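Undergrad:
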Amino acid sequence: MKSEIRILKTIDFTISATPVVYAESILKFFSMTKRPDLHVNSVWSFICILMDVMLMERETIYNKLIESILGDSSRVIERDKNRLKADWMLVACALVCAGSCCHYGFDIGEPVAKELEQLFQTPSKDTSELAIAILEVARRAEGRKENMKRNVNRQVTTAHQEIRFVYGMNPRDGSMPFAAPM
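The sequence shown begins at 1318 in our numbering and counts up by one.
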């Protein structure tokens, strides 16, 4: 392990900071320090599902969060909204809390949020509120599952077309006029 880390440092390898990396790191650290009996694989599978909901229904979730934390959303300064949206540590902690609630039941939500606050200094109230917003939107989205599938298919198709465009692929037959950059 140490030799692998040395090699990665030598080539200046950095992990891109994304909500997935934050959520995975927080879940692993949380399970090692506060809850060694946590069923990490099960909670992680719920986190992945909830992260999909989070990304697809982002505006709805943040509007619910802003109303519950900051009050009337019409009076909230845009800077505060953006600060809240950019807090990936809060998102990751809320996903761990919501994933734990999905696996163990809702009674565990508040204790998990408080334990996460001790570890990562994210306010437990904010973590709980975001977890609740994610779970509420996910529950409502379950009824609109077919609509979500269409949205996902559209997003995947659009991303696939963008990749083809960036790498110069012919959209009709997939051929490439030149080698793709590495």
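Each residue gets a CB set at the ideal place from its N, CA and C atoms; glycine is no exception.
Because the structure is a prediction, the values reported are computed rather than measured.
For residue 1429, collect the residues of the same chain with a Cβ closer than 6 angstroms to its Cβ; drop the 5 residues on either side in sequence, then sort them by chain order.
TA: Excluding sequence neighbours, residue 1429 sits near 1414 and 1417.
Undergrad: How about residue 1355: is its Cβ closer than 7 angstroms to a heavy atom in the ligand COA?
TA: For the structure depicted, the ligand COA is absent and the ligand set is empty, with no information on it obtainable.
Undergrad: Please check the pair residue 1368 and residue 1433, which I expect to be a contact at CB under 8 angstroms, by giving their CB distance rounded to whole angstroms.
TA: About 16 angstroms; that fails the 8 angstroms criterion.
Undergrad: Decide if residue 1334 is buried, meaning its Cβ has at least 16 other Cβ atoms within 10 Å, or exposed.
TA: Exposed, because fewer than 16 other Cβ atoms sit within 10 Å of the Cβ of residue 1334.
Undergrad: With a cut-off of 8 angstroms on the beta carbons, I'd call residue 1427 and residue 1381 a contact; round off their distance for me.
TA: With a Cβ gap of about 18 angstroms, residue 1427 and residue 1381 do not count as contacting.
Undergrad: For residue 1431, collect the residues of the same chain with a Cβ closer than 8 angstroms to its Cβ; drop the 5 residues on either side in sequence, then sort them by chain order.
TA: So the list reads 1441, once near-sequence residues are dropped.
Undergrad: Quick one, which of 1321, 1320, 1353 and 1361 has its alpha-carbon nearest residue 1338's?
TA: Nearest C-alpha to residue 1338: 1361.
Undergrad: Counting C-beta neighbours from all protein chains within 10 Å, is the total for residue 1372 16 or more, i.e. buried, or is it exposed?
TA: By the neighbour-count rule (16 or more Cβ atoms within 10 Å), residue 1372 is not buried but exposed.
Undergrad: Among 1363, 1451, 1331 and 1386, which has the Cα closest to the Cα of residue 1421?
TA: Among 1363, 1451, 1331 and 1386, the Cα nearest to that of residue 1421 belongs to 1363.
Undergrad: What does the Cβ neighbour count give for residue 1501, buried or exposed, with the cut at 16 atoms within 10 Å?
TA: Because the chain here runs from 1318 to 1499, residue 1501 falls outside it and cannot be looked at.
Undergrad: Report buried or exposed for residue 1409, applying the criterion of at least 16 other Cβ atoms within 10 angstroms of its Cβ.
TA: Residue 1409 is buried by the Cβ-count criterion.
Undergrad: What does the Cβ neighbour count give for residue 1344, buried or exposed, with the cut at 16 atoms within 10 Å?
TA: Looking at its Cβ environment, which holds 16 or more other Cβ atoms inside 10 Å, residue 1344 is buried.
Undergrad: Need the endpoints of the alpha helix (DSSP H) that residue 1303 sits in, please.
TA: Here the chain covers residues 1318 to 1499 and nothing more, so residue 1303 does not appear.
Undergrad: Under a three-way DSSP split, which group does residue 1355 fall into?
TA: If DSSP states are grouped into helix, strand and coil, residue 1355 belongs with coil.
Undergrad: Kindly give me the distance between the Cβ atoms of residue 1436 and residue 1407, rounded to whole angstroms, as I take these residues to be in contact under 8 angstroms.
TA: That pair is no contact at about 13 angstroms.
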